[in-house]
Amino acid sequence: MREDEDTAPADDTDVPDGYVDIPFVVEPNYAGWRLDRYLCEKIRRMDLERVRGIILRGVLCDAYRLKPSTPVYPGLTFRIRRPSSQEPATPTELPVVFSDDWLLVLDKPAGLPIHPTARYHKGTLVTLLRERFGERFAEPAHRLDRETSGLVVCGRTTESCRVLGGLFLSRDVHKEYLALCEGHPPEDAFVVDAPIAEGTDLIRIAVRIDPVLGKPSRTRFQVLQRFVHDGAPFALLRCFPETGRQHQIRIHLHVAGFPLVGDKMYGPDPGYFDRFSKHTLEPEAWARLRLPRHALHAERITFPHPGTGEPVTFASPLPQDLADFIAGKAPAPSH
Numbered sequence: 001m002r003e004d005e006d007t008a009p010a011d012d013t014d015v016p017d018g019y020v021d022i023p024f025v026v027e028p029n030y031a032g033w034r035l036d037r038y039l040c041e042k043i044r045r046m047d048l049e050r051v052r053g054i055i056l057r058g059v060l061c062d063a064y065r066l067k068p069s070t071p072v073y074p075g076l077t078f079r080i081r082r083p084s085s086q087e088p089a090t091p092t093e094l095p096v097v098f099s100d101d102w103l104l105v106l107d108k109p110a111g112l113p114i115h116p117t118a119r120y121h122k123g124t125l126v127t128l129l130r131e132r133f134g135e136r137f138a139e140p141a142h143r144l145d146r147e148t149s150g151l152v153v154c155g156r157t158t159e160s161c162r163v164l165g166g167l168f169l170s171r172d173v174h175k176e177y178l179a180l181c182e183g184h185p186p187e188d189a190f191v192v193d194a195p196i197a198e199g200t201d202l203i204r205i206a207v208r209i210d211p212v213l214g215k216p217s218r219t220r221f222q223v224l225q226r227f228v229h230d231g232a233p234f235a236l237l238r239c240f241p242e243t244g245r246q247h248q249i250r251i252h253l254h255v256a257g258f259p260l261v262g263d264k265m266y267g268p269d270p271g272y273f274d275r276f277s278k279h280t281l282e283p284e285a286w287a288r289l290r291l292p293r294h295a296l297h298a299e300r301i302t303f304p305h306p307g308t309g310e311p312v313t314f315a316s317p318l319p320q321d322l323a324d325f326i327a328g329k330a331p332a333p334s335h
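Using the UniProt record's numbering, you'd call the opening residue of the sequence shown number 1 and step up by one each time.
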């Protein structure tokens, strides 16, 4: 996709035994960002101090030595080398919904991270893209959480990525999600208007509702179906995020009193996510969560085509695991 980028991808034979290289190619919408801020955006589990330490120890770049304050530019390629570890298994399918000279739209399965992280190196959407289509074929224009399934829009040219980046930063992209929540909301339609700030006392990568420090955030919800599973009330919702904050639908459902089914971060117990990350989440907690992943699906998206300017709409059906839950079937274990 980067027709103006001459740096070749890393050759795995150059990597010492026991190490892996995590590649990065800077997208057009990050032009001018400091390198440390860019990496904090890409590796959200790491704080700024740790990211700066990694940069000062040396990132691998064929162009020149990078510093925390180095401004990044579209197409800049660099790598972070770290000790290899056993990587969790992730889905390998990558269904294509649409493709033309400007766009590639994918239907991401739940459990697949979009970008390489400290924990995931090979099992990511970006890695699968490069393995199957080539190094410069396409780049994701936005992000979905690892456990969220559904539509991911990718740009196939530098200009397309630039335009898409601007669209996703503005309000010119209309997104609809499907969610399974706990409880029966009493109204068929409701709105949560609650400002969101980053970081909590327990989890740095989580968000919180903060009337003083939070950014304006608003989500509309429509109840599509109320049902009972194992004697407990649940509902299928259509979600319309009017702003694009991190974890917006999840935290707004939490504050409304109808948390997302399977949500380890904003669900029934604030300690679930920490124990899940340490692989110590007990069977009783898994049973309480009901599903091995949080029940959120990016179902529909509409935006101006970056080439023609005409509106385009793409849709993805409700995944089988969520349909099975509505039908009363037991989920497959993942622990």
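Even glycine gets a Cβ: it sits at the ideal position worked out from N, Cα and C.
Values in this document were obtained by computation on a predicted structure and should not be read as measured data.
For Asp107, list the residues DSSP reports as bridge partners.
The count along the sequence shown starts at 1 and reaches residue 107 at position 107. Bridge partners of Asp107: Leu151.
Pull up the distance between the alpha-carbon of Val126 and that of Gly214, whole angstroms please.
The sequence position of residue 126 within the sequence shown is 126, counting from 1. The sequence position of residue 214 within the sequence shown is 214, counting from 1. Approximately 31 Å, taken between the alpha carbons.
Considering Cys239, what are the terminal residues of the beta strand (DSSP E) in which it resides?
Your numbering for residue 239 matches position 239 in the sequence shown. It spans 232 to 241 - the beta strand (DSSP E) in which Cys239 sits, taken as one unbroken run.
Is Ala141 near the ligand NAP - that is, is its Cβ less than 7 Å away from at least one heavy atom of it?
Absence of the ligand NAP from the depicted structure is noted, as is the absence of any ligand whatsoever, leaving it without description.
Per DSSP, Lys215 forms a beta bridge with which residues?
Taking the first residue of the sequence shown as 1, we reach residue 215 at position 215. BP columns for Lys215 point to Ile196.
Tell me whether Cys61 sits in a helix, a strand or coil according to DSSP, three-state version.
In the sequence shown, the residue the question calls residue 61 occupies position 61. Coil, per DSSP.
The alpha helix (DSSP H) that contains Arg275, what's its start and end?
Here residue 275 refers to the residue found at position 275 of the sequence shown. Residues 272 to 277.
With a cut-off of 8 Å on the beta carbons, I'd call Phe221 and Leu237 a contact; round off their distance for me.
Locating residue 221 in the sequence shown gives position 221, where the first residue counts as 1. Locating residue 237 in the sequence shown gives position 237, where the first residue counts as 1. Confirmed, Cβ separation roughly 5 Å.
Which runs of the beta strand (DSSP E) at least 3 residues long sit entirely within the stretch 274 to 332? Give them in chain order.
DSSP runs (the beta strand (DSSP E)) wholly in the stretch 274 to 332: 296 to 304, 311 to 315.
Tell me, which residues are paired with Ile43 by DSSP?
Position 43 of the sequence shown, counted from the first residue, corresponds to residue 43. Paired residues: none, contrary to the question.
Assuming Leu112 and Pro91 are in contact, meaning their beta carbons sit under 8 Å apart, how far apart are those beta carbons, in whole angstroms?
If you number the sequence shown from 1, residue 112 lands on position 112. If you number the sequence shown from 1, residue 91 lands on position 91. About 5 Å; that satisfies the 8 Å criterion.
Report yes if the C-beta distance between Arg218 and Asp188 is below 8 Å; otherwise report no.
For the purposes of this step, residue 218 is identified with residue 218 of the sequence shown, where counting begins at 1. For the purposes of this step, residue 188 is identified with residue 188 of the sequence shown, where counting begins at 1. Cβ atoms of Arg218 and Asp188: not closer than 8 Å.
So Pro306 packs on Val163, CB below 8 Å; how close in whole Å?
As a position in the sequence shown, residue 306 is number 306, starting the count at 1. As a position in the sequence shown, residue 163 is number 163, starting the count at 1. The Cβ separation is near 4 Å, so the contact holds.
Is DSSP giving Leu178 helix, strand or coil here?
For this step, residue 178 is matched to residue 178 along the sequence shown. Note: Leu178 maps to strand in three-state DSSP.
Quick check: the Cα distance between Pro268 and Glu282, rounded to an integer number of angstroms?
In the sequence shown, counting from the first residue as 1, residue 268 sits at position 268. In the sequence shown, counting from the first residue as 1, residue 282 sits at position 282. Using only the alpha carbons, I get a separation of about 14 Å.
Which residue comes first and which comes last in the alpha helix (DSSP H) that contains residue 397?
Because the chain spans 1 through 335 in this model, residue 397 falls outside it and cannot be assessed.
Please classify Gln246: does DSSP put it in a helix, a strand, or coil?
For the purposes of this step, residue 246 is identified with residue 246 of the sequence shown, where counting begins at 1. Coil at Gln246, not helix or strand.
Look at Ala206 and His247 and say whether their C-beta atoms are less than 8 Å apart.
Residue mapping note: residue 206 aligns to position 206 of the sequence shown, counting from 1. Residue mapping note: residue 247 aligns to position 247 of the sequence shown, counting from 1. The answer is yes: Cβ separation under 8 Å.
Taking 7 Å as the limit between beta carbons, can you name the residues of its chain near Ala330, skipping five residues before and five after?
Sequence index remark: in the sequence shown, residue 330 carries index 330 (1-based). There are no such residues.
In whole angstroms, give me the CA-to-CA distance for Leu169 and Thr157.
In the sequence shown, the residue the question calls residue 169 occupies position 169. In the sequence shown, the residue the question calls residue 157 occupies position 157. So the alpha carbons of these two residues sit roughly 18 Å apart.
On the three-state DSSP scale, how would you describe Tyr30?
Start at 1 with the first residue of the sequence shown, and residue 30 comes out as number 30. In this structure, Tyr30 counts as helix in the three-state DSSP scheme.
If we ignore side chains and look at the alpha-carbon of each, how far apart do Glu159 and Pro304 end up?
The count along the sequence shown starts at 1 and reaches residue 159 at position 159. The count along the sequence shown starts at 1 and reaches residue 304 at position 304. Roughly 14 Å between the two C-alpha positions.
Once you ignore the five residues that flank Val59 on each side, which residues in its own chain have a CB closer than 6 Å to its CB?
Reading the sequence shown from its first residue, position 59 is the one you call residue 59. Around Val59: Leu66, Phe78, Ile80.
Using C-beta distances below 6 Å, list every residue in its chain close to Val97, excluding the 5 sequence neighbours before and after it, in chain order.
For the purposes of this step, residue 97 is taken as residue 97 along the sequence shown, with counting starting at 1. Excluding positions up to five away in sequence, the list reads Val105, Asp107, Phe314.
Need the endpoints of the alpha helix (DSSP H) that Val72 sits in, please.
Locating residue 72 in the sequence shown gives position 72, counting from the first residue. Neither: Val72 is in no alpha helix (DSSP H) and is coded neither H nor E.
As a quick exercise: from Val26, Arg82, Arg34, pick the residue whose alpha carbon is nearest that of Pro16.
Position 16 of the sequence shown holds residue 16. Selected option, being the one with the closest Cα: Arg82.
Please classify Ala287 as buried or exposed, where buried requires at least 16 other C-beta atoms within 10 Å of its C-beta.
Sequence index remark: in the sequence shown, residue 287 carries index 287 (1-based). Counting Cβ neighbours within 10 Å, Ala287 comes out exposed, since fewer than 16 surround it.
Just tell me which of Ala63, Glu242, Tyr30 has its CA closest to the CA of Arg171.
Taking the sequence shown and counting its residues from 1, the one referred to as residue 171 is at position 171. Ranking Ala63, Glu242, Tyr30 by Cα distance to Arg171 puts Glu242 first.
Excluding sequence positions up to five away, which residues of its chain have a Cβ less than 6 Å from the Cβ of Ser69?
Your numbering for residue 69 matches position 69 in the sequence shown. Closer than 6 Å at Cβ, skipping near neighbours: Arg34.
To the nearest angstrom, how far is the alpha carbon of Cys144 from that of Gly231?
As a working mapping, residue 144 is identified with position 144 in the sequence shown. As a working mapping, residue 231 is identified with position 231 in the sequence shown. The residue asked about is misnamed: residue 144 is Leu in this sequence, not Cys. Using only the alpha carbons, I get a separation of about 31 Å.
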